[in-house]
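> In my numbering, the protein residues as written are 76 to 358. One structure, as structure tokens, below. Some questions next.
And the structure:
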């Protein structure tokens, strides 16, 4: 799932850079190939900012809170933000990433750092708050180290209706409701499930994964990583198993991918497919 069009929505990857130019420029990007959810990456917005050679250190009077609906991670010397409310990803410059890193560590900022942080605040990415640093910290989630073994082609007859119904319902919801609403739906279901003991066993989990995968010949899962991941998580919840939908990103070229993970075990993909990505959001 590398950024393709889904549901007519658009993903905008914005990169703020310091330049002498007086007006923003738009740069056409090639469309990523993996992402199949209501977000598609087609343009980069380059926002010029006045250069500042000053290196005097300053101490910000307060810290910052991340705007609602945002999560972020550090990738290849940049900060990539995921805005689930607006269905978009955007990235900082390398200098902006350095400034944010120093702010997170509580280090003294240069005047240039302060300008980068103030620019993020002006653009609504950060909100001033009394505590030093940035709240929350970047998404911290370990990539999986193993894949779940699948049972040998079990009959999906007992679960066919549930698998197909869940996949169709999730697909419809992604078409008619904002992505943020779809993610909240899963979050609320997981919260309710945590109030009850996990009733599923590992053998049950492996059988359910085999049944879900066995529906490929009925409904294609190709280039549908987010709908498939959401559907699998909902399907497993119906049988007492909780898992996480992880959204990861990479740069050069930009791409996003989603998978289902439980602890360090990958449930929906291969390790080779997810290793290039850095988690930016966990649902």
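Even glycine gets a Cβ: it sits at the ideal position worked out from N, Cα and C. Given the structure is predicted, the values throughout are model-derived calculations rather than measurements.
1) Roughly how many whole angstroms lie between the Cα atoms of residue 331 and residue 352?
2) Using the C-alpha atoms, what's the distance from residue 318 back to residue 338?
3) Thinking C-beta only, is residue 356 closer than 8 Å to residue 163?
4) Inspect the beta-carbon positions of residue 307 and residue 287 and report whether they are closer than 8 Å.
5) Could you tell me which residues DSSP pairs with residue 322 in its beta bridges?
6) State the start and end residues of the unbroken beta strand (DSSP E) segment that holds residue 145.
7) Please state the DSSP three-state secondary structure of residue 343.
8) For residue 278, count neighbouring Cβ atoms within 10 angstroms of its own Cβ and tell me buried if that reaches 16, exposed if not.
9) Does the distance from the C-beta atom of residue 312 to that of residue 257 stay below 8 Å?
10) Using a 10 Å radius around the Cβ and a threshold of 16 neighbouring Cβ atoms, would you call residue 200 buried or exposed?
11) Using the rule of at least 16 other Cβ atoms within 10 Å of the residue's Cβ for burial, across every protein chain shown, is residue 303 buried or exposed?
12) Looking at C-alpha atoms only, which residue of 247, 177 and 310 is the closest neighbour of residue 213?
13) Once DSSP output is grouped into helix, strand and coil, what is the label at residue 256?
14) Quick check: the Cα distance between residue 342 and residue 243, rounded to an integer number of angstroms?
15) May I ask you to report which of helix, strand or coil DSSP gives residue 199?
16) Look up residue 234 in the DSSP assignment and say whether it is helix, strand or coil.
17) Which of helix, strand or coil does DSSP assign to residue 218?
18) Where does the unbroken beta strand (DSSP E) through residue 138 begin, and where does it stop?
19) At the level of alpha carbons, what is the spacing between residue 186 and residue 149?
20) In terms of DSSP beta bridges, what is residue 210 paired with?
21) So, using beta-carbon positions, are residue 138 and residue 246 closer together than 8 Å?
In this structure, then:
1) Start at 1 with the first residue of the chain shown, and residue 331 comes out as number 256. Start at 1 with the first residue of the chain shown, and residue 352 comes out as number 277. Taking the straight line joining both Cα atoms gives about 8 Å.
2) As a first step, residue 338 is located in the chain shown; it is residue number 263 there, counting from the start. As a first step, residue 318 is located in the chain shown; it is residue number 243 there, counting from the start. Roughly 8 Å separates the two Cα atoms.
3) For this step, residue 163 is matched to residue 88 along the chain shown. For this step, residue 356 is matched to residue 281 along the chain shown. Contact flag unset, no.
4) Position 232 of the chain shown, counted from the first residue, corresponds to residue 307. Position 212 of the chain shown, counted from the first residue, corresponds to residue 287. Yes. Within cutoff.
5) In the chain shown, residue 322 corresponds to position 247, counting from 1. 333 and 356.
6) Residue 145 sits at position 70 when you count from the first residue of the chain shown. 145-150 is the span of the beta strand (DSSP E), which, as asked, contains residue 145.
7) Here the question's residue 343 lines up with position 268 in the chain shown. Of the three classes helix, strand and coil, the one that applies to residue 343 here is coil, per DSSP.
8) Translated into the one-based positions of the chain shown, residue 278 becomes position 203. Looking at its Cβ environment, which holds fewer than 16 other Cβ atoms inside 10 Å, residue 278 is exposed.
9) Within the chain shown, numbered from 1, the residue matching residue 312 stands at position 237. Within the chain shown, numbered from 1, the residue matching residue 257 stands at position 182. Contact flag unset, no.
10) Translated into positions along the chain shown, residue 200 becomes position 125. Under this definition residue 200 is a buried residue.
11) Walking along the chain shown from the start, residue 303 turns up at place 228. Residue 303 comes out buried.
12) By 1-based counting over the chain shown, the position of residue 213 is 138. The shortest C-alpha separation from residue 213 is found at 177.
13) The residue labelled residue 256 in the question sits at position 181 within the chain shown. Three-state result, residue 256: helix.
14) Taking the chain shown and counting its residues from 1, one reaches residue 342 at position 267. Taking the chain shown and counting its residues from 1, one reaches residue 243 at position 168. Distance between the alpha carbons of residue 342 and residue 243: 20 Å.
15) Reading the chain shown from its first residue, position 124 is the one you call residue 199. Three-state result, residue 199: coil.
16) Residue 234 sits at position 159 when you count from the first residue of the chain shown. Looking at residue 234 - three-state DSSP - the assignment turns out to be helix.
17) For the purposes of this step, residue 218 is taken as residue 143 along the chain shown, with counting starting at 1. The answer is coil: DSSP assigns residue 218 none of H, G, I, E or B.
18) Mapped onto the chain shown, residue 138 falls at position 63. 138-141 is the extent of the beta strand (DSSP E) around residue 138.
19) Locating residue 186 in the chain shown gives position 111, where the first residue counts as 1. Locating residue 149 in the chain shown gives position 74, where the first residue counts as 1. Cα to Cα, residue 186 sits roughly 22 Å from residue 149.
20) For this step, residue 210 is matched to residue 135 along the chain shown. In the DSSP output, where bridge partners are listed per residue, residue 210 has 140.
21) Your numbering for residue 138 matches position 63 in the chain shown. Your numbering for residue 246 matches position 171 in the chain shown. No; because the gap between Cβ atoms is not below 8 Å, this pair is not in contact.
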